Each structure stands twice: as C-alpha cells, then as structure tokens.
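*Asks:*
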Amino acid sequence: MSSNKKYWKSVEELNENSSIVETLKQNEFVEEIPTDEFLGNKETLEATSTTRRDFLKYVGFTTAAASLAACEGPVKKSIPYVVQPTEIIPGVANYYATTIANGFDFASVLVKTREGRPIKIENNNLATTNGSANARVNASVLGLYDNLRVKAPSKGGEELSWYDFNLETTKALTKIASSGKAIVLLTQTYASPSTSKLIAEFSEKYGNVQHVQYDAVSESTALDAFQAKYGERGLANYDFSKAMTIVSIGADFLGDWQGGGFDAAYAKNRVPDHGKMSRHIQFESNMSLTGANADKRVPLTPSEQKLALAKLYSLIVGGSVSGTLPAPIEAAVKQAAKELKKAGSKAVVVTGIQDVNAQTVVLEINEALNSKAFDPKTPIKTRQGSDKAVTALVADLKAGKVGALITSGVNPVYTLPNAADFLEGLKKVELSIAFSMKADETSSNAQYIAAVPHYLEAWGDVELKKGHYALTQPTIRPLFDTKQFQDVLLNWLGNQTSYLDYIKQTWGASILGESSFNKALHDGVFVGTLANSVEESTDTEQVETPSGNAARALASSAKSNGSELVLYTKVGMGDGQQANNPWLQEFPDPITRTSWDNYLTASKADAEALGLINENVANGGLNSNYAKITANGVSLTLPVIIQPGQAKGTFGLALGYGKTLGLKEEMQTGVNAYPLYKNFNSVQAVTVEAVSGTHEFACIQLQNTLMGRGDIIKETTLEVFNTKDKDYWNPIPKVSLNHEETPVTSPEVDLWDEFDRSIGHHFNLSIDLNACTGCGACVIACHAENNVPVVGKSEIRRSRDMHWLRIDRYYSSEETFAEDDAKKDGFSGLTGDNGSLGGFGQMEDPADNPQVAFQPVMCQHCNHAPCETVCPVAATSHGRQGQNHMAYNRCVGTRYCANNCPYKVRRFNWFLYAGNDEFDYHMNDDLGRMVLNPDVVVRSRGVMEKCSMCIQKTQKTILDAKRDGREIKDGEFQTACSAACSSGAMTFGDINDEESKVAKLTKDDRMYHLLEHVGTKPNVMYQTKVRNT
Amino acid sequence: MKQVIHRKLSKAFLYLGLILSLAFTTSLSAQEGDPAKGKSLFNANCAACHKLNKKATGPALANVETRLEEAGKDREWIYAWIKNSSAVIKSGDAYAVKLYNEYNKAAMTAFPQLSNEDIDNILAYTAAKPKAVAAAPAQSEAVAAQGSGSGVSNEIILGALAVLFALLALGLFLVNKTLRRFASAQGIEIEEEVKRKSLWKAFVQNQFLMIVVAIFFLLSSAYFVYGFLMSVGIDQGYEPVQPIHYSHRIHAGENAIDCKYCHSSARVSKHSGIPSLNVCMNCHKSIYEVAPETQQEGLTEYGVDYNAEIKKLYAAVGWDDAEQKYTGKTSPVKWIRIHNLPDFVYFNHSQHVTVAGVECQKCHGPVEEMEIMYQHAPLTMGWCINCHRETNVAVKDNGYYDKIHEELSKKYGVDKLTAAQMGGLECGKCHY
C-alpha cells in the first residue's frame, strides 16, 4: 500500500535548496566514521605478522592446553606440626570458657575451637549470670578475623615496635606527671577487679591520674539513682523468673536495657505451667522487642511515660501527682497498678526513662511491692559510666587542662554528641594514646594507637554482678602484634609480671578464698562466697534526691513540646562497635525485618501528616522517601520506616550506625545518630519534615500481617487455654474423605505410604512460640555453624537472602489476631461492605497498636516432603532419622524444590560467594575464612541450600556415643539454633526416645505443625502461643 | 657371617686378654665376660640411651672401662653406678657429679636386676666392638665376586646356544639350496604361486564386514573414551615424590610399628593425621642411622640414602645430633597429600577405625610393603557404597548398638546387619 505521507526528518527540509538536505540525501553519515580510531593504529596493524590462521591456531592451542591441564588434579600439601600441642588433635574441637566484656556486651560463653582457631560462640551453661550469648556475642567471633584490625602499635600512622612504644610513652607520662598536669584514663566499663586494682596502682605512681568510665549508651541515671539509694554504684538486679506480673515503662529489657541478659529468666514464666503464666504490661514509645512480647502494650510518648510512672507510684506507694494523661493510658496505668498490687511480691516494675527521678521512683515502687524479682543486694556491675565525669572531661580537655589522654575500649569521637569539642580537646593534649582494635574515629586522631587484642586473644576478669565473677582467657595466640591495655599498664608501672599472673594474684588475695583458680578458669565463672568486691574509687558526687519528691519532680518534668525522638539500640548492632561485622549488618532487625540500615521509625498517623511514604516497588523491594530531623541545631536526613505500634508524636532512631572509619565500604551503612544524643538522654525534642528522594531498603519481609490465617501462628488466650478443650483452640485440620470429615493426620487421607522410622533416631525440633522472644541469637548461631554466606544489601533486596533460619514477624491488622481471624471468616461475597476484595486489602495494613508474633522458620524436614518429589536428580532425599538431606554435589540448580516448598525455606546460591570480589565479606578474605566450620561444606554457585537440622552435629553426637559404646542421653542432641536458644523456646531431640523432652512435646496439647492441612508431616513442630490477656 | 667374624675376632681378643690378665694381676681374671651375651644385654638394656661410638642421651660406651680406668674408677665403681647411679651421685663422688651435670642432670636409670656377671658381659662387648668393623667391606666384596662369577657362566651358555642356532640356520639354508639345484638338474619345475586378490582388498570390498568392523570400532572407542572420562579425578596409584623418602615398608613392615602409633588421631578424629615431627623423634632421637645392610639395600634397590633421609628429619625438627639437643630452628615438612577427598564428602576415620574396627589396609592397601606410599583404592563413591553394602556392622559389645541391632535384625530377619541396613547409604550421612 502506497502512502502519500511525507516524513519530515528535520526542520531544515522546510528550507528549499538547503545544502544540508542535499548532502544528507547522498550521505548517510554526516561525519566520517572513525574506523581508524576504532581499529587502532593502522600501520602497526598492517605490520604484524600474525595472520588470521595463526590467531586461530593460538586460540586452539591454548584452549586445548587449558582443558588438558584441567584433567590434572592440583598437588595438595599437608604440613604437620613440628611439635604438636598435646591438647590439639586435628579434627577434634576444643572448648574454652571465656567471657566477653567489650563495654556493651558482657557474657560468659564457651568458645569452640578447631585446630586452634575459634570458630563459634556457645552458651556457657555453668554460668548463673549472663551465661547466654545474644546475637552480637554470637557474631563476635568474626570480629577476631577482621582484616581491618590494627595490626601493630603505631605513632602518627607509622608502625613502631612495642619496645619503642613503651620507651616513648613512659618517658612522656613521667614528664607529664612531673609537670603536674592530669593524666586521664578514659575507658569503657571493664567491671574488672584486676583492672581496677591496676588503675589504682597506676594512679599512685603517676599522681594526678583521673579514671573516667564511659558507656557509649549511658545508664548513668539508673546508676546515680541506685548509688543515691544504696550507696554503691551499680544497677539493680532483676530476676524475671520470680515475677508473675511485669510492668515496664519504656524499658526494653529483652533488648539492651541495663546491659541486657534478662530474656532467659523472663521466658521461664511465659510458658503456661499448671494454668499459670506471667503477665507483662509494656508502656513504650518505639515498638521494641519487649513490647512485641508483651501481653498488653500501651503506646505513649516519653513525657507521658514519666507521668504514667509517677501516677503508678502514687497508686502503689501513695501521694498525689498532678497532671493528666489521655483516658485510655490513664485507665491502663490504673489497671497495671491494680494488677501489681494483687501480685504483691511477685510483681516487678522496670523503667528505661533516662531520668534519675524515674529510676529512683522505680526502685521505691519495687521496695514497696517487696518484689522478689528485684534484687538490690547483688547489683549489676557491667555499667559504670558517669555522664557528669565525661562532660567534665570534655570541658577540661577543651580548656587544655589535661596533659595525657589514654582511651581504651571507647570511641568518643564517634559516640559523643559533642564529638567536635572532644576532638578539639584531644588535639590540645601533650600525649594521646588510644588502645583500640581499629583505626577508628578516635584512634586515628590520637598520637599513638596501641593495638589491642580481641577478647578471644586476651586475659581478663569481670565482676558481672556483685560477687559473681567471670574469667576471660585467650583461645588463640594473638594474630597480630598486639598487647592488651592491662599489660601496657603493667609496663608503665615497671611491673614485670604478666597480666595473667596479676589476675591470679588479685583473685588469690581477695576473690577465690579456698577455691582453685584452675577450676574457675575451667568453668569460666566463679560465684564468690565472700562479699569482698573491690571498692571502686568513683569521683562522682552522690545525687541527693529526696525520695518522696522524686515522683512529683518526675511528674513536673513531664512536659512535651512537639515531637519526641527516642534513640534506641538495635538487637543486631548495639552501640555500633561491631559495625564491621557482616553477619550483624545482614542480620534482619527482629521488628522491622530490615537489614543493612538504620532509619527513622514513624507512626502511621505522623507519616501521613508529614508526607512520609513507604512503598513496595515492582522489583520486590521496600522504598521510602527521606525525613529531615532537627534537634538542638543538628540535622540528619534519614530514610523512614512506618512502624505499627509507634506512639503518635514520637519517632525512633537506632544508634550504632553511620561509622566511617575502620570498616569496609560495604559496612558503612546508615546514619550516625549519636550527634543527637545530647546530655546522654535517649529522648530528644525534634522537628521532622519530609525531604524528597528515594531510599532503597533491604527488607526481608514485606508481608506484615497474617491476613487472618490463624493456622500459621496458632494463638489463644490463657483463659481459653485453661477452660476449653484442645480441639477448640488447637484443632487438627480436617479434609473430606467419602463425605466424612477426617483429620489430615490420619493415614487414610495420606497420599503416601508411611516409612517406618520407629528404629534408631528420629529427630524433631519443637519451637515454643510462648518462650520465643525473637532475639535472633539462633539466626547468627546458624550462620556461624553452617558457613552461611553473607550476600550484601542489593542481593537481600532482590530476596536472595541466605539465612537458613528466619524469624517471621507478624502484626495483627485489627487489635488482635483473633479479631483478624473473625473478620476473615465473616467475609461474604466479593464486593460490598463485607466483601473479601476490599476486606483483604484492609487486612494487609497492620493496626496502629497491633499484636505481634514471632515465628522462627527453618526447613521443616517434612516426612512427606514436596521438594523431594520434584527434584529431577534426586539431590534432596529423606533420611531415616527424619532429616531432609541435601546433596549439594548432586544438585543441578533447577530450583523446582524451592518452588514446591510451601514454607519457602530453600535458598538458592546465586554466586560463588566465597570466591567473588563482588562479595567482599568474610568469605572472600583469607583471614575471614578462618571462621568457617570445617565440618560443613562451603556451597558453590548454582546449588540449592537449606537447613540440614545440623546433621553434622547429630552425626557427631552419634559417633561419640558409638565410640564410647553407650546409649545417647536426652539433651545430647542439639542443633546450632536450639543450643543458642537461651529462652528454652527450641527443644531438639530424638522422639524415638520415649523419655526425651521433645517426645513429650509432640504429645503436648499446644503442639501443631505449620500448614498441617498440606499433609507434609513436618519434623519441626510449634507450640501454640498463649497470651495472658 | 659378620657376627661369626666378630665372634672370632673377639675370641682372639679374649685370649689376648686372658694372657694379659694372667700376666698381670689375678683380680682381673673375674672381669672377662662373654661379648655375645653382652651384646644382647646391651641391646636390651642400654641401647635406648647409649651408643657405642657416639654420644646419645648418655655417653658413648665403646671402651668405657678404659676411659674410666684413666679417671681412676675401677669395676666396682661401675657395678655401683649401673645398679644405682643416683646413690653414687648422692655419695658426692666428684666424677659422678660431673657426669650428672654434663648430661642435663638426668640420672641414669638404675639397673638392680643386672648381676655383676651381666655387667662383665656388657663391658666385654663394649670393649670388643670397635675393631670388628674393618672386616665388613672385605666380606661384602667377596659376596660381589661370587655373584659376578655365576653371571659369566650364564653368558657362556647363552653364547654357545646362539652359535648353535646360527649353525642350524646355515645348515637349513644350504640343504634348501642343494635341493633346488637337484630339482633344476632333474627338470622338475617349481610352481610359482598364482597371484590372488589380497585379503585386505577383499575385506575392503565386503561392505557387511566393513559395517561390522566400523560398529565394533566405534563401540570400543566409545568404551575407552568413557573409561578415560570416568577416570578423570581418580588418582588411584598416585605416588608423589615426598620431601623426605619415608619408607612405610621399613617402619610398618619390617619393624611392625602399629599404624596408629604415628597416625594416632585416626582413633578419635575424622583425620588420620600426618604425625608431627616430635612423634618421629620418639624413636629417631636414638636411631640416627639405619643398619648397614638396610643402608646397602636402600642404595641398591631403591636408590635412596636412608641415613641422609634421617638427616633431613633432623634438619626439619631442628635436632643437632652431635650436640644431642634441639636448636630451635625448625622447618616443617611439606608432605604431599595423597588421599584427597572432595570438600563435599565427610569422612571420619574414627568411625571406621575405632567403631567399625576396619583394618587400615582395607582402604590403604598393603602399606607395610610400600616403599613409597601410594593411593591404593580409587576412593570413588561406588567404592565406598560397595563396602557399606557388604560390610557387617561391628555391633558386639557396643552399648550404642544394643537396642538398634535388636530391633533392626527383627525387622530385616537377619542376624548380622550391613552398614547399608543401618542407614549407611543415605546421602546426608556423608554429604553435608
């Protein structure tokens, strides 16, 4: 078909007789095509003698040679010890008890070493205090193999020997001491009797010495309040296993509140026993891990928290408090007071408000309640920092009054809100020495960096609580030329003894009594019978607060003006000292399920009012715009996460991110929130405004609600649980067989013939949703045990996360999950008021103050596994012991299994994470690879991987028993996750052993399987969550 | 042979000694001993710490008595010293104290079980030994001469036979020639063979045969190509040259040292473990050279100087043989690993060695005959599986198996269970 249309090519054509049009007609390309440039120098090209044929010959030869060479295996060397240490047998793990005390995390742990390399942190079951490792402590082993550690002492960036270091610094210190200027030791909280003694000796020798202890995330107000009341600097100890009613006002005690480590005791009473379980009421602003676990959660602003606490005081202890609270909060406070009074000595109140009055009030309430859970006699010693002393020090530094500043275990240039002042002062001192593992913000500004060892290479002692001691011992010889702070102190004192001998002397003299040091070292912990803790010489003046007035003072200080920002620490990052740890960066936050970031959390109402947006985009990622927050003249631009449960008018922001020095580029994530941490107060008045731009999150879970699918997380209330039959609150799903409702567990409706698993072992894992707090220690333990690779932010965003074990977090869409279920069941028709089309849309949105549930999900090891039937190469098959095996060497990567898995627990290995520079995490680093578990293969690209139920561990247990010729006792079988679980939520064992704990749990009324109606018959079971509402 | 000569020589010495003793004092007459008995006593009791001509843990003992006489010590002193040296040291004897200090203050083990006569025998042996060595080379020459003699006789026989056959061939050729001459003389024509189609041409023209052969050829080459491809990555017979020529034949074979003495971790660990050098030094601290026969055997049969190899060990572990002490300068031996399993296979030695009681030789072959270690088994999965199918589990006297064995044997109706029936064929048992 012809057309008369004329297609104009340019405006020039309008112009008749245009030369350009004419030229263009003849010549397609106006300019000459630069072929010469493209082919390079023509002359040299012509001069070369390589013909096309020759070229092909070379190609052919090299290809043939390369493929022939590939047939030859590489020559592997095997180099034995010259003198083998007696305790090391290649292939057999050794365990050492030690203690982490990095100023933020304090825990007694067991360290698993293989061929002399520490590879995993486990809980020390002998420890009665802080014996459980949280996610950060579990991950701390990777910090040992950090390639960015300072490898030798240095002066102004130039390495020098320890001999020179000692010579120069001793000289300088002596000079400063004789000049009369102050020598300041700015350290983390060591809580170490030996270090305290050493510092006292140091002060004695050098005269004008000041020891300032500094906690980056301060508990100073609680310490001051406790000191004022009990005359000792420490934190009241709480044993939540003795509390049946817990009221917390802003205290994230399952997180890092007052040093953390309370979750194991808390979980004990959360499992209904003889119809009883504890009741937990949480008043808070941010949605914290603790709030998520509470039976009743009341969102309120920090200033309302103060008033609520004051009112609680007046209701329990007496006195009157002025001020009004919104009616629902007022009612909740009254209800809480009533319940506390009813529980009497079995009740406890805690608070996280950074205010001396608030802390005093709580101490008094607990005294008034005569709470058994409250223990002021054995105070916690792991926080000693004093805000006043630190503030005074910064002023002194700025005024040039300090002669020498020696920092150890702290990074004030990063963590201080007034870091600029500190830095200015730091430049004025005559001598500045930073004891540090990293060339971080502080140490790189100091004159000397004294390279210190990791805690797994060092000696030490800690007094965790009064009279509860723990020892740190090296588990590997120092990897680098490092010396610990205490050894250098000994050098400065001219003392020739090693720090180990010094510890022995201290312990022998004042701690051990008749007990043996070696026994204490073996156990890692020692509980003293003598009440003889070394007295701390603290210069802080005692804060005098007339007790009765505290509540009134608290109430009057409860004034809010505008929005309030609540700074918190994340379970994964803490105060930020482990920011260069890829495991922790990739660890998804238990609440927001977001990794590799910190962000501003905002309530839905505030977000809508301010124009802050969260959206899921087509490539499966979560995006947000930015918010600019301003407080005290400091502005930060942050991405936003709309957080259900966030109190209106409050915003949350995590500390510990945004480090810039001493860590890899990939780990430089988030924004540093410490500049907002004015006066060490976690609550700051801020103004927030929306800023344009798009931030891409690496969020693991985009689905926030359960959509009324109550069979995924089965829930009931304590009342129903106690009164109704099991079939009412935990029914077995039924299917129709010949028009008869038959339970899916019955063999008649089964597609498959049952395989006989009654002989030998049959492993089952039980997960108690009541005891699980969602802390995530199991996630990191699984990472470490199974050589799970870190994939990085962009891969996580593509849903290519590798965690074999995830902890799903669900919000209710209505006030409770039960209402969700009712709503879904009430749908009728597609459209209309009650229609499912609109209804399901509404159910995708979580409520303003939702119920929260956590559910750890790993491979369910189905006895009738859907993945096994679709594998074309039989790479995944079932073992008689109940484990679903995965033969990586057989897998060809069709990914059919992942598609057919109803639980979505299979992970595809997209890249050679252990040999690809794009993934510059620990596995691509000779040093970082030392953490790998030699009993588990490092998977290659193109294979499917998943939880193996730690078959390497079960097989080892079996082999040990075979070698000893004995039967296996219950409790010997463990997986990495069940061993890491300090709350007792995970129980692993052999159900063919009738007496085992897990066999009894299979018959428990609360037991159910995930997606039971599918008929997969999993070997992982869950225990119905019971809420004490 | 050598021993006989020794004995003869030492007897000669004895006679000499006898004459001398008769000539000088009578008290010496009690001191003669039997060097043969002395040798066995020496080897049983003294050799762990003393050499004849070389300082070891203790001093060299050749002519020790003469040396002691020079120091003014008589045989009674020797008796006392050997039976309880620490008592002598305690008595404050200057020479004893000097000795004690010289040898790192390690007192010699007391030998109260040795009688004076025994000690006489030992002393006789230590006095006799050194002059005997000279006889050895001459004797070995004689042996060599004998060997070469028999070689010559063989060559003569063979030569004679060759000449005989040559003569025979020549005879036959001449007979043939003569017969032909007769035939031509008598006018008989010898038929020339008719030129027929050659066999290979007929073969090429037969299409059926060609096809059959082609198919056969293709199949057989496919078979070999398959075989070659399947052998990729299988290193059966891999026998690399090691940095130290270590002979399992001598250690495990001739000396019958238990495998697990050196590879001790095989009992408890997944790794059998290459022994660390301190294990070697347990013995080689005193075995600084091999017996001359062994050395000779090494040189002629294996082309290796065993004594030099022991020196390599000393260099690696930093042992100064002359001074009898460690220098502290070590250079770990980089052995070449022979048995390599891929990373995705988990194999545990202790499971097989301790629990199952499998002989090391079952997988590693006749190690006690291997001069140089090589890979005996193919180490393929088929090979593993086969053994798991055929081998019965050692359930006896193992408390772990009691219940499982009882139940499983009832289930399968058998008394003995194979590893496969125990679940030893499941993928996840070895791959994780």
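Line by line, the protein sequences give chains A and B. For the first sequence, the working numbering assigns the number 370 to the initial residue and increments by one for each residue that follows. For the second sequence, the working numbering assigns the number 34 to the initial residue and increments by one for each residue that follows. C-beta atoms are modelled at their ideal positions from N, C-alpha and C, and glycine is treated no differently. Predicted model, so just to flag it, every value in this text is computed and none were measured.
Use the C-beta contact count for alanine 227(B): other C-beta atoms within 10 angstroms, 16 or more gives buried, fewer gives exposed.
*Replies:* The amino acid at residue 227(B) is misidentified as alanine; the sequence shows valine. Counting Cβ neighbours within 10 Å, valine 227(B) comes out exposed, since fewer than 16 surround it.
*Asks:* Which chain B residues sit within Cβ distance under 7 Å of leucine 792(A)?
*Replies:* Under the 7 Å cutoff, chain B gives no residues; its nearest Cβ is about 48 Å from leucine 792(A).
*Asks:* Just mark tryptophan 1407(A) as buried or exposed, buried being the case when its beta carbon has 16 or more other beta carbons within 10 Å.
*Replies:* Residue 1407(A) lies beyond the range of chain A shown here (370 to 1398); nothing can be said about it.
*Asks:* So with Cβ pairs under 7 Å, would you call histidine 284(B) a contact of chain A?
*Replies:* Taking Cβ atoms only, chain A never reaches closer than 7 Å to histidine 284(B), which makes this a no.
*Asks:* For the region 261 to 270 of chain B and the region 349 to 361 of chain B, state whether three or more C-beta atom pairs, one from each stretch, are separated by less than 8 Å.
*Replies:* The region 261 to 270 of chain B vs the region 349 to 361 of chain B: no contact.
*Asks:* Could you name the residues of chain B that alanine 1330(A) contacts, counting a contact when the two beta carbons are closer than 7 Å?
*Replies:* Result: Tyr433.
*Asks:* DSSP on alanine 120(B), reduced to helix/strand/coil?
*Replies:* Alanine 120(B) falls in the helix class under three-state DSSP.
*Asks:* Closer than 9 Å, Cβ to any Cβ of chain A: which residues of the region 361 to 375 of chain B, in chain order?
*Replies:* Taking 9 Å as the Cβ-Cβ cut-off against chain A, the residues of the region 361 to 375 of chain B that qualify are Thr363, Ser364, Pro365, Val366, Lys367, Trp368, Ile369, Arg370, Ile371, Asn373, Pro375.
*Asks:* What residues from the region 1224 to 1247 of chain A come within 9 Å of chain B, judged by C-beta to C-beta, listed N to C?
*Replies:* Result list: Ala1243, Ala1244, Thr1245, Ser1246, His1247.
*Asks:* State the beta-bridge partners of histidine 1437(A) as determined by DSSP.
*Replies:* Coverage of chain A is limited to positions 370 through 1398, which leaves residue 1437(A) absent and any answer about it impossible.
*Asks:* Run through DSSP, which three-state label would arginine 1298(A) get?
*Replies:* Helix.
*Asks:* What first and last residue would you give for the alpha helix (DSSP H) that runs through isoleucine 343(B)?
*Replies:* Looking at the DSSP string, the run of the alpha helix (DSSP H) that includes isoleucine 343(B) is 339 to 350.
*Asks:* Using a C-beta to C-beta distance shorter than 9 Å, which residues of chain B count as neighbours of histidine 1254(A)?
*Replies:* Within 9 Å Cβ-Cβ: Glu459, Cys460, Gly461, Lys462, His464, Tyr465.
*Asks:* Measure from the alpha carbon of isoleucine 310(B) to the alpha carbon of each residue in Tyr1377(A), Gln674(A), Pro449(A), Asp1339(A), then state which is nearest.
*Replies:* According to the sequence displayed, residue 310(B) carries leucine and not isoleucine. Looking at the Cα atoms, Pro449(A) is the closest of the given residues.
*Asks:* Using the three-state DSSP reduction, which class does serine 60(B) fall into: helix, strand or coil?
*Replies:* Bear in mind that the predicted position of serine 60(B) carries a pLDDT of just 42, short of 50, making it unreliable; the figure below should be weighed with that in mind. Serine 60(B) falls in the helix class under three-state DSSP.
*Asks:* According to a CB-to-CB cut-off of less than 8 Å, which residues of the region 430 to 464 of chain A neighbour chain B?
*Replies:* Answer in chain order: Cys440, Gly442, Val444, Lys445, Lys446, Ser447, Ile448, Pro449, Tyr450, Val451, Val452, Gln453, Ile458, Pro459, Gly460, Val461.
*Asks:* Take threonine 579(A) and list the residues in its own chain whose beta-carbon comes closer than 6 Å to its own, dropping the five residues that flank it on each side.
*Replies:* According to the sequence displayed, residue 579(A) carries glutamine and not threonine. Excluding sequence neighbours, glutamine 579(A) sits near Ala551, Val553.
*Asks:* Tell me, which residues are paired with glycine 105(B) by DSSP?
*Replies:* Glycine 105(B) pairs with nothing; no bridge assigned.
*Asks:* Check each candidate in Asp1096(A), Lys928(A), Asn860(A) and name the one with the smallest Cα separation from tyrosine 532(A).
*Replies:* Measuring from the Cα of tyrosine 532(A), the nearest candidate turns out to be Asn860(A).
*Asks:* Name, going along the chain, the residues of the region 1312 to 1329 of chain A whose beta-carbon falls closer than 8 Å to a beta-carbon of chain B.
*Replies:* Correct list: Ser1317, Ile1320, Gln1321, Gln1324, Ile1327, Leu1328.
*Asks:* What does DSSP give as the partner residue(s) for phenylalanine 341(A) in the beta ladder?
*Replies:* Outside the displayed range of chain A (370 to 1398) lies residue 341(A), so it cannot be described from this structure.
*Asks:* Taking only three categories from DSSP, how would you classify lysine 84(B)?
*Replies:* Of the three classes helix, strand and coil, the one that applies to lysine 84(B) here is coil, per DSSP.
*Asks:* Return the CA-CA distance between alanine 1150(A) and aspartate 1333(A), expressed in angstroms with no decimal places.
*Replies:* Going by the C-alpha atoms only, they are around 28 Å apart.
*Asks:* Can you give me the Cβ contacts of alanine 1256(A) inside the same chain, cut-off strictly under 7 Å, excluding the 5 residues immediately before and after it?
*Replies:* The answer, listed in chain order, is Ala1244.
*Asks:* With 7 Å as the threshold, decide whether the Cβ of phenylalanine 377(B) is near any Cβ in chain A.
*Replies:* So yes, phenylalanine 377(B) belongs to the interface.
*Asks:* If distances are taken between C-alpha atoms only, which option among Leu869(A), Gly897(A), Gly863(A) comes closest to serine 879(A)?
*Replies:* When each option's Cα is compared against that of serine 879(A), the closest is Gly897(A).
*Asks:* Taking one C-beta from the region 1057 to 1076 of chain A and one from the region 1173 to 1187 of chain A each time, how about it: are there three or more such pairs within less than 8 Å?
*Replies:* Counting Cβ pairs under 8 Å, three or more are found: they touch.
*Asks:* Considering only residues of the same chain and omitting the five flanking positions on each side of glycine 692(A), which have a CB-CB separation below 7 Å?
*Replies:* Within the same chain, glycine 692(A) has close Cβ partners Leu676, Ala924, Ala927.
*Asks:* Label valine 447(B) either buried or exposed according to how many other C-beta atoms from any shown protein chain fall within 10 Å of its C-beta, with 16 as the threshold for buried.
*Replies:* Burial call: exposed.
*Asks:* Determine the contact status of leucine 658(A) and leucine 623(A), defining contact as a CB-CB distance below 7 Å.
*Replies:* Against a cut-off of 7 Å, the Cβ pair of leucine 623(A) and leucine 658(A) comes out as a contact.
*Asks:* Within the continuous beta strand (DSSP E) that includes alanine 551(A), where are the two ends?
*Replies:* Per DSSP, alanine 551(A) belongs to the beta strand (DSSP E) from 551 to 556.
*Asks:* From the DSSP output, read off the bridge partner residues of aspartate 353(B).
*Replies:* BP columns for aspartate 353(B) point to Lys358(B).
*Asks:* According to DSSP, is arginine 1276(A) part of a helix, a strand, or is it coil?
*Replies:* Looking at arginine 1276(A) - three-state DSSP - the assignment turns out to be strand.
*Asks:* Could you give the distance in angstroms between the alpha-carbon of glutamine 240(B) and the alpha-carbon of phenylalanine 257(B)?
*Replies:* Roughly 25 Å separates the two Cα atoms.
*Asks:* Figure out for me which residue from Trp233(B), Asn425(B), Tyr321(B), Leu242(B) has the closest Cα to the Cα of histidine 83(B).
*Replies:* Out of Trp233(B), Asn425(B), Tyr321(B), Leu242(B), Tyr321(B) has the C-alpha closest to the C-alpha of histidine 83(B).
*Asks:* What first and last residue would you give for the beta strand (DSSP E) that runs through leucine 934(A)?
*Replies:* Residues 932 to 938.
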